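As structure tokens, the structure follows; a few thoughts come after it.
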Amino acid sequence: MSLGPSPEYPKLRLGTAPDSWGVWFAEDPNQVPWARYLDEAAQAGYTRTELGPYGYLPPDPAVLKGELARRGLTLTGGTVFAALHKGSEALEEAKGACDVEAATLVPLGAKHLILLPEGYTDLDGNLTASPDLTEREWDDLNRGMSALGKHIKEKHGLELVFHSHADSHVGTQEQIVRFLEGTDPTYVSLCLDSGHVAYCGGDNLAIIERYPERIQYVHLKQVDRAIRKRVMDEELGFGPAVRLGVMVEPPIGDPEMPALLAALASLNRELVCIVEQDMYPCDPAKPLPIARRTREYLAGCGL
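Following my numbering, the numbering of the sequence shown begins with 1238 at its first residue and continues without gaps.
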């Protein structure tokens, strides 16, 4: 299938993820079946995918390899959730989860393990923990992240990329800076999620400029400015914000996509750029048209 002329930014490698199909859990009756997701990701014109929540796609690498191959898809990485601010026991749990996931990722040639921090709100937006970490918790988080990155690199050859997130303890610009300054750059890189940075009031371009060597993976998404303002004004949590449609397809949201892509391309290295439009739950008919339009828009931007 021809996808048009050669890209302006050949080192930015475009892909998608189950998240853009409303998939947040390994099993949930509200979500599209995994085979439909893979079929529609290929139909939309993508050639790369993430694993999504572990267990959603078949975890057996032999099975998944065949399913991906017959759709012309390759695997870029997978996601692990952890609460490393809780100390040594949480670190050991995270190592175990990463080891399990690596058994799927490594045989399929994926290079990245995306670490999502534990949030402090539930799906209804209710607080489940304090929004602020103590000094000790910050120390546990940063030390734990560096130790986990060392573990997965030395044991599996995978790169740990940390994903800042709304309603987590690393979401704002200040928190992202503190995290990057406190973790070992040898073992911990950043998954720059443009939508979550914007949602939390951060500046994607400033992060790229200040920490160019730490940007090793990207999630592309945009935020609806008006809905975000309502969320902040009404003090809603991230779950309700998603149901209101706070994450939108480009080019109608923030940050401005052409400027972001140009800044990423200026790093002059291969970067996987995964489209993620948080939608949970969503009508099963909704994702495919959006995914196709998004890929076509990003192709027009040079990917």
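All C-beta atoms in this analysis are idealised placements derived from N, C-alpha and C, irrespective of residue type, glycine included. Note that the coordinates shown come from a computational prediction; the quantities given were computed from them, not determined experimentally.
Under the three-state DSSP convention, the category residue i falls into
i: Ala-1339; result: helix
i: Glu-1446; result: helix
i: Leu-1481; result: helix
i: Arg-1250; result: strand
i: Arg-1532; result: helix
i: Arg-1285; result: strand
i: Gln-1453; result: strand
i: Val-1260; result: coil
i: Leu-1352; result: strand
i: Ile-1489; result: coil
i: Leu-1294; result: coil
i: Leu-1275; result: helix
i: Leu-1360; result: coil
i: Ser-1239; result: Note that Ser-1239 scores a pLDDT of 44, beneath 50, so its modelled location is shaky; the value from the coordinates is reported in the next line. Reduced to three states, the DSSP call for Ser-1239 is coil.
i: Leu-1501; result: helix
i: Val-1300; result: helix
i: Leu-1540; result: coil
i: Val-1460; result: strand
i: Leu-1508; result: strand
Integer Cβ distance of residue i from residue j, believed to fall under 8 angstroms
i: Gly-1356; j: Asp-1404; result: 5 angstroms
i: Pro-1255; j: Tyr-1293; result: 6 angstroms
i: Thr-1286; j: Gly-1315; result: Not confirmed; about 10 angstroms, so no contact.
i: Gly-1252; j: Pro-1524; result: Their Cβ separation, rounded to whole angstroms, is 15 angstroms, which puts Gly-1252 and Pro-1524 out of contact at 8 angstroms.
i: His-1343; j: Gly-1309; result: Note that residue 1343 corresponds to Val in the displayed sequence, not to His. About 21 angstroms; that fails the 8 angstroms criterion.
i: Leu-1312; j: Gly-1346; result: 7 angstroms
Residue i versus residue j: straight-line alpha-carbon distance, rounded
i: Arg-1451; j: Thr-1420; result: 11 angstroms
i: Arg-1250; j: Leu-1535; result: 11 angstroms
i: Ala-1281; j: Lys-1390; result: 33 angstroms
i: Lys-1449; j: His-1349; result: Sequence inspection shows Pro at residue 1449; the Lys mentioned does not correspond to that position. Answer to the nearest angstrom: the Cα atoms are 18 angstroms apart.
i: Tyr-1291; j: Arg-1273; result: 17 angstroms
i: Ala-1499; j: Gly-1539; result: 9 angstroms
i: Lys-1248; j: Val-1317; result: 26 angstroms
i: Asn-1505; j: Val-1425; result: 20 angstroms
i: Lys-1302; j: Arg-1467; result: 43 angstroms
i: Glu-1329; j: Val-1509; result: 28 angstroms
i: Glu-1264; j: Gly-1289; result: 11 angstroms
i: Ala-1339; j: Leu-1397; result: 11 angstroms
i: Ser-1325; j: Ala-1319; result: 12 angstroms
i: Thr-1531; j: Gly-1438; result: 23 angstroms
i: Pro-1526; j: Val-1485; result: 13 angstroms
i: Ala-1384; j: Ala-1522; result: 42 angstroms
i: Glu-1471; j: His-1388; result: 42 angstroms
i: Tyr-1246; j: Pro-1495; result: 11 angstroms
CB contact below 8 angstroms: residue i versus chain C
i: Val-1512; result: This model lacks chain C altogether; it includes just one protein chain.
request  = Only counting runs of 4 or more residues, tell me where the alpha helix (DSSP H) segments fall wholly within the stretch 1304-1350, in order along the chain.
outcome  = 1325-1342
message = So within the stretch 1388-1442, which uninterrupted alpha helix (DSSP H) runs reach at least 4 residues, ignoring any that extend past its ends?
response = 1410-1419, 1431-1436
query = Is the number of C-beta pairs between the stretch 1369-1389 and the stretch 1428-1447 that are closer than 8 angstroms three or more?
reply = no
query = Taking three-plus beta-carbon pairs below 8 angstroms as touching, is the stretch 1508-1518 in contact with the stretch 1455-1474?
reply = yes
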